[in-house]
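With my numbering, the residue at position 114 of the sequence shown is 114, and numbering never jumps. Even glycine gets a Cβ: it sits at the ideal position worked out from N, Cα and C. See structure below.
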Amino acid sequence: MLKSTALKNLLRFLKVLAIHGSIAVVVLFLIILGVLYAIDSYTNHGEALSVPDFTGMSMKEVEQTCKKHHLRYEVIDSVYSNTAEKGTVVDQSPGVDFKVKENRRIFLTVNATCAERVNMPKVVGVSLRQATALLETYGLKIGNLEYVPDFATNYVLEQKYKGNQLEPGEMVEK
1 MLKSTALKNL LRFLKVLAIH GSIAVVVLFL IILGVLYAID SYTNHGEALS VPDFTGMSMK
61 EVEQTCKKHH LRYEVIDSVY SNTAEKGTVV DQSPGVDFKV KENRRIFLTV NATCAERVNM
121 PKVVGVSLRQ ATALLETYGL KIGNLEYVPD FATNYVLEQK YKGNQLEPGE MVEK
């Protein structure tokens, strides 16, 4: 008799355990499904915009295009190129037709409105080779050379920029 009661209690316990375990598994499964659905909804999964071409646009045009396409922009760099119009976009990331989510930030590189300027180094009194190396370290290029008869051959006697005498330390465009 004692064995049958203990067996009944064990079976009842296992039955309750199986029911509660099944309920826990179903609830956990529903929670996981709910979280996955919420993540899909929150991140706009499957929805993407095509990035427009900002190259050549002014900043005003960029702002209008970003509003129209529900995007944001940030200027991360400026470079100077005399082939591109001043103040316009020369590069972008992500690139054209790249698929992005709404409200994505587009990183832009803009053409500077003026060329970069540097201090002119002193090259008078040094050899042409030294002057060339020094100017190149500053990002400058040698223009026209005028050879003047002098006892010091291939030495710089004066420095000019756009035909005018130039003092060391004056600002010049790269």
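Cβ shell of residue i (< 6 Å), same chain only, five flanking positions each side left out
i	result
V172	M120 and Y161
Identity of the residue in the options nearest residue i by Cα
i	options	result
I106	I142, Y37 and M59	M59
D77	A84, V110 and V62	V110
G139	Y80, S127, G95 and Y147	Y80
L128	Y147, G87 and K99	Y147
R72	R104, E47 and N82	R104
K67	D91, Y37 and V51	V51
Contact set for residue i: own chain, Cβ-Cβ below 8 Å, skip 5 residues either direction
i	result
E158	V124 and Q165
H70	L49, E102 and N103
Three-way DSSP call (helix, strand, coil) for residue i in this model
i	result
S4	helix
D91	strand
F107	strand
E61	helix
Euclidean distance between Cα positions of residue i and residue j
i	j	result
T132	N144	12 Å
Q64	G169	43 Å
R12	H20	12 Å
Beta-carbon contacts of residue i that lie in its chain and below 7 Å, excluding the five residues immediately before and after
i	result
L28	none
Within 8 Å, strictly: CB atoms of residue i and residue j
i	j	result
L30	V62	no
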